[in-house]
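Chemist: What follows is a single structure, and I will ask about it in a moment.
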Amino acid sequence: MLKGKTALVTGSTSGIGLGIALSLAQEGARIILNGFGDSQPAIDAVKALGVDVRYHGADMSKPEQIADMMAFAAAEFGRVDVLVNNAGIQHVSPVEDFPVERWDAVIAINLTSAFHTTRLALPAMREAKWGRIINVASTHGLVGSANKSAYVAAKHGIVGLTKVVALEAATSGVTVNAICPGWVLTPLVEKQIVAKAQSAGIPREQAERELLGEKQPSLRFTTPEQLGGLAVFMCSPAGDNVCGVAWNVDGGWVAQ
Ligand code: NAD
36 MLKGKTALVT GSTSGIGLGI ALSLAQEGAR IILNGFGDSQ PAIDAVKALG VDVRYHGADM
96 SKPEQIADMM AFAAAEFGRV DVLVNNAGIQ HVSPVEDFPV ERWDAVIAIN LTSAFHTTRL
156 ALPAMREAKW GRIINVASTH GLVGSANKSA YVAAKHGIVG LTKVVALEAA TSGVTVNAIC
216 PGWVLTPLVE KQIVAKAQSA GIPREQAERE LLGEKQPSLR FTTPEQLGGL AVFMCSPAGD
276 NVCGVAWNVD GGWVAQ
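The working numbering runs 35 ahead of the 1-based position in the sequence shown.
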């Protein structure tokens, strides 16, 4: 379905971003990966699906590096057809103790980076009369949780950005939507499970059960593959008139 199209997924060396990149690659899209850590396993996994892949290591908190990545994408593959803004970090702390530099980093990576990629990718999508911008927000783009002020602010912000750009692009053939996962067992959540086990003095498995029990009625994690499936739907003809939604995949978290 996506043969001949190029998808750029930020923060795709692990977790949800990698899951979405692999789902888009399965549909035939060329992939541009981004993110920190060892990129080779992600590159190899995409290559194994028989599509062209490139990697750019832009730090998504740095506007000039983001611009360089977008120029690289255009130089390598012509333009970005599917932009997935996924890179994100978490920091957990009461607001009065929240380290100022952590606030700035969460807002820069989880929100401002999507402004930069979007403004740089949109002109070529408009010209092609087709494009998809998919923002990986969170249930925390729809509801709050204590001790996550920067993350919840950034995720509500990206849901707002999604709606505005969807409206601005509504007649252009470009759709803009957000995916709002509940708990997904990735390195980002593993850190929170380990911290919970340590602070409560309980085994890791008990911490995992309690984490799910507090928020996610299905008591099951959402998987990166399931989120990849939703991204593929958003890229399909059936998704052509889906504009500006914030679609939760959360085992019932925000239904409560
Ligand atoms: P993860 O830690 O597995 O992946 C995050 C990715 O972002 C990695 O590839 C990492 O290298 C990259 N990254 C981090 N800082 C970066 C930077 N400055 N520049 C470039 N890349 C950077 O986490 P994940 O759980 O897969 O999270 C992906 C997205 O999904 C995030 O936006 C997160 O907020 C969101 N999300 C996750 C969950 C969950 O339960 N895991 C739930 C809702 C939303």
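In this text, a Cβ means the ideal position worked out from N, Cα and C, and glycines have one as well.
Can you give me the start and stop residues for the alpha helix (DSSP H) that Cys270 sits inside?
Modeler: Indexing the sequence shown from 1 puts residue 270 at position 235. That run of the alpha helix (DSSP H) goes 259-270.
Chemist: Note the first and the last residue of the continuous beta strand (DSSP E) segment covering Val199.
Modeler: The residue given as residue 199 occupies position 164 in the sequence shown. Per DSSP, Val199 belongs to no beta strand (DSSP E); it is in the alpha helix (DSSP H), 184-203.
Chemist: On a Cα-Cα basis, can you pick out the residue from Asn145, Ser74, Leu220 that is closest to Ala188?
Modeler: On the sequence shown, position 153 is the one that residue 188 refers to. Looking at the Cα atoms, Asn145 is the closest of the given residues.
Chemist: Check whether chain B comes within 8 Å of Lys164, counting only Cβ atoms and requiring the distance to be less than that.
Modeler: Chain labels in this structure do not include chain B; a single protein chain is all it has.
Chemist: Pick out whichever of Gln75, Gly195, Leu59, Ala181 has its Cα sitting closest to the Cα of Ser49.
Modeler: Sequence index remark: in the sequence shown, residue 49 carries index 14 (1-based). Minimum Cα distance to Ser49 is reached at Gln75.
Chemist: Terminal residues of the continuous alpha helix (DSSP H) containing Thr152?
Modeler: Walking along the sequence shown from the start, residue 152 turns up at place 117. That run of the alpha helix (DSSP H) goes 148-163.
Chemist: Take every Cβ of the region 277-285, pair it with every Cβ of the region 208-216, and state whether three or more of those distances are shorter than 8 Å.
Modeler: With the cut-off at 8 Å, the region 277-285 and the region 208-216 touch.
Chemist: Using DSSP bridges, identify the partner residues of Trp138.
Modeler: To locate residue 138, count along the sequence shown from 1; it is residue 103. The partner list for Trp138 (beta bridge, DSSP) is empty, contrary to what the question assumes.
Chemist: Specify, as a first and last residue, the run of the beta strand (DSSP E) that Leu314 falls within.
Modeler: This structure leaves residue 314 out entirely; the chain is present only between 36 and 291.
Chemist: Measuring only from the beta carbon, is Asn212 closer than 7 Å to any heavy atom that is part of the ligand NAD?
Modeler: Numbered from 1 along the sequence shown, position 177 holds the residue referred to as residue 212. False, no ligand heavy atom lies under 7 Å from that Cβ.
Chemist: Is there contact here, the region 68-87 with the region 50-58, by at least three beta-carbon pairs under 8 Å?
Modeler: At 8 Å Cβ cutoff, the stretches touch.
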